[in-house]
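S.K.: Using this note's numbering, the first residue of the sequence shown is number 411, and each one after it goes up by one. Positions of the beta carbon are idealized from the N, C-alpha and C atoms, including for glycine.
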Amino acid sequence: MPSKWVTSKGSVITLVVSGRNNIFLVESQDTVLLVDAGMGYMYDNLLLKIKKTGAVPSVIALTHAHYDHVENTLKLKEHFGAGVLIHRAEAEHLKAGVNPEDKPVKGKFTIEGENYPPVIPDIIVDDVYEAGGGIVIMHTPGHTPGSVSVIVDDEIAAVGDAMFNVFPGQAMVPYVMDRRMLLKSWKKLLDTKCGIFLPSHGRAITRQTVEKVYKKYA
Ligand SMILES: [Zn+2]
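Written out as structure tokens, the structure is:
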């Protein structure tokens with residue numbers, strides 16, 4: 411998969427780290443945004459690769475609060491002085507350092523899975539949030555209740571775990587909290603003009619593949 415995409419308006423999306431998780435850096439005219447923070451073991455490499463681009467992220471947009479997407483958030487926030495963005499539905503999870511599956515009981519969360527360093531978010535997103543420079547954060551729940559996608563110039567979308575493409579031709583996510591909701595989110599994504607969808611796990615997915623898989627499940 412290429413490691414860089416450029417929109418017709420000149421926004422650049424760089425795959426800074428790939429492997430178990432893809433981490434994307436979005437540079438538009440007036441905003442530099444990192445999509446997800448990745449797992450702890452990735453930190454040194456991630457920092458090196460971000461520095462290589464010469465860009466300094468001002469926002470860390472978390473596609474959702476699963477530990478494999480957020481473990482480095484606190485360290486990166488402190489390093490870059492960046493604002494952390496998350497959807498309202500998972501803000502409390504992020505503050506507690508727990509996964510979206512964990513439920514609050516008497517003000518405390520029950521811990522089911524792996525936890526991570528808690529982070530106080532700076533930007534809370536609801537349905538749609540304009541991050542500036544043609545970058546729009548869109549609520550695309552289903553995989554988790556607070557999943558969001560990052561839409562760049564209405565051409566390319568970084569979708570977090572709203573899609574998966576570990577095997578060729580695949581797009582459906584193996585783990586979904588609410589599949590009907592996920593398919594509604596796919597419809598929302600297909601209602602944009604985006605032609606390329608970048609998942610956090612696996613390779614870029616074409617609009618054609620998303621349409622085909624959507625028809626199969628919808
Ligand atoms: Zn996830």
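Spell out the partners DSSP gives Lys-414 in its beta bridges.
M.R.: Lys-414 pairs with Thr-424.
S.K.: Using beta-carbon positions only, say whether Ser-438 and Ile-545 come within less than 8 Å of one another.
M.R.: Yes, Cβ-Cβ distance for Ser-438 and Ile-545 is below 8 Å.
S.K.: Look up Val-561 in the DSSP assignment and give the residues it is bridged to.
M.R.: This sequence places Ile at residue 561; Val is not what is there. Answer by DSSP bridge pairing, in chain order: Val-546, Ala-567.
S.K.: Hey, could you find the ends of the alpha helix (DSSP H) Phe-434 is sitting in?
M.R.: Not the alpha helix (DSSP H): Phe-434 falls in the beta strand (DSSP E), residues 433–437.
S.K.: Rank Thr-619, Ile-496, Asp-601 by C-alpha distance to the C-alpha of Gly-556 and give the top, closest one.
M.R.: Comparing Cα positions, the closest option is Ile-496.
S.K.: Whether or not the region 510–526 and the region 568–582 are in contact is what I'm after, with contact meaning three or more pairs of Cβ atoms, one per stretch, closer than 8 Å; do they touch?
M.R.: Cβ pair count under 8 Å is below three, so no.
S.K.: I want to check one thing, is the minimum distance from the CB of Asp-588 to the heavy atoms of ligand 1 below 7 Å?
M.R.: It does not: the Cβ of Asp-588 is nowhere closer than 7 Å to a heavy atom of ligand 1.
S.K.: Quick one: grab the DSSP three-state call for Phe-490.
M.R.: Phe-490 falls in the helix class under three-state DSSP.
S.K.: Which residue wins for smallest C-alpha separation from Ala-471, given the options Leu-456, Tyr-539, Val-422, Asn-455?
M.R.: It is Tyr-539 whose Cα lies nearest to the Cα of Ala-471.
S.K.: Rounded to whole angstroms, how far is the Cβ of His-553 from the Cβ of Val-535, which I believe are closer than 8 Å?
M.R.: With a Cβ gap of about 16 Å, His-553 and Val-535 do not count as contacting.
S.K.: Go ahead and pull the three-state DSSP assignment for Asn-575.
M.R.: If DSSP states are grouped into helix, strand and coil, Asn-575 belongs with the strands.
S.K.: Along the beta strand (DSSP E) that carries Ala-471, what are the first and last residues, could you check?
M.R.: It spans 469–471 - the beta strand (DSSP E) in which Ala-471 sits, taken as one unbroken run.
S.K.: Taking 7 Å as the cut-off, is the C-beta of Thr-554 nearer than that to any heavy atom in ligand 1?
M.R.: Answer for Thr-554: yes, Cβ within range of ligand 1.
S.K.: With distance defined between alpha-carbon atoms, name the residue in Glu-511, Val-466, Asp-454 nearest to Asp-588.
M.R.: Answer by Cα proximity: Glu-511.
S.K.: Quick one: what's got a C-beta closer than 8 Å to Val-586's C-beta in the same chain, skipping five residues either side?
M.R.: Only Gly-552, His-553, Leu-592 meet the Cβ criterion.
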